[in-house]
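S.K.: In our numbering, the protein residues as written are -17 to 100.
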Amino acid sequence: QVQLVESGGGLVQAGGSLRLSCAASRRTSSAFHMDWFRQAPGKEREFVGLIKWPSGNTDYADSVKGRFAISRDIAKNTVYLQMNNLNPEDTAVYYCARGFRPGEYDSWGQGTQVTVSS
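1. Between the Cα of R20 and those of A6, S53, Y42, spot the shortest distance and give me the residue it belongs to.
2. Identify whether D72 lies in helix, strand or coil by the three-state DSSP scheme.
3. Just to confirm, is the Cβ distance from T73 to C4 under 8 Å?
4. Put A57 into one of helix, strand or coil per three-state DSSP.
5. Tell me whether N59 counts as near the ligand MG, meaning its Cβ is closer than 7 Å to at least one heavy atom of that ligand.
6. Could you give the C-beta distance for L32 and I52, rounded to a whole number, given that I count them as a contact under 8 Å?
7. Where do the ends of the beta strand (DSSP E) carrying A6 lie?
8. Along the beta strand (DSSP E) that carries R27, what are the first and last residues, could you check?
9. Does DSSP classify D88 as helix, strand or coil?
10. With the cut-off set at 8 Å, would you say G(-9) and V98 are in Cβ contact?
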């Protein structure tokens, strides 16, 4: 396992932007993927997007395509979630998670709250 720490959440107006960070406590030597999820009050956890190591390929949920972008800083063991054109439906706690196989995760962050006001 690895410790994951998210940061960057906060309150933003509709149409605004935020960038979340997910910092890993150490480097992972094998191929893996880092995913972002979110969970709104009273709703199930929702997949947001992922980035694969070592390729850097990304994939996104339809609900965020064209608005969110995932990137990485390999030297800092950090993944970013750039969120643009936010709307109130994006309000949720956002989590990052590391996985080695689709749907399987061995490490989760503590989450960071994103609130979008209308």
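Heads up, the beta-carbon is just placed ideally off N, CA and C, and yes, glycines get one too.
M.R.: In this structure, then:
1. For the purposes of this step, residue 20 is taken as residue 38 along the sequence shown, with counting starting at 1. R20 has its Cα closest to that of Y42, out of A6, S53, Y42.
2. Walking along the sequence shown from the start, residue 72 turns up at place 90. Residue state, collapsed to three classes: helix.
3. Locating residue 73 in the sequence shown gives position 91, counting from the first residue. Locating residue 4 in the sequence shown gives position 22, counting from the first residue. No. Outside cutoff.
4. Your numbering for residue 57 matches position 75 in the sequence shown. Helix, per DSSP.
5. You won't find the ligand MG in this model; it holds no ligand whatsoever.
6. Walking along the sequence shown from the start, residue 32 turns up at place 50. Walking along the sequence shown from the start, residue 52 turns up at place 70. Yes, they are in contact, since the Cβ atoms of L32 and I52 sit about 7 Å apart, within 8 Å.
7. Reading the sequence shown from its first residue, position 24 is the one you call residue 6. It spans 0 to 6 - the beta strand (DSSP E) in which A6 sits, taken as one unbroken run.
8. Walking along the sequence shown from the start, residue 27 turns up at place 45. Per DSSP, R27 belongs to no beta strand (DSSP E) and is neither H nor E.
9. For the purposes of this step, residue 88 is identified with residue 106 of the sequence shown, where counting begins at 1. In this structure, D88 counts as strand in the three-state DSSP scheme.
10. Numbered from its first residue, the sequence shown carries residue -9 at position 9. Numbered from its first residue, the sequence shown carries residue 98 at position 116. With a cutoff of 8 Å on beta-carbon distance, G(-9) and V98 are scored as not near each other.
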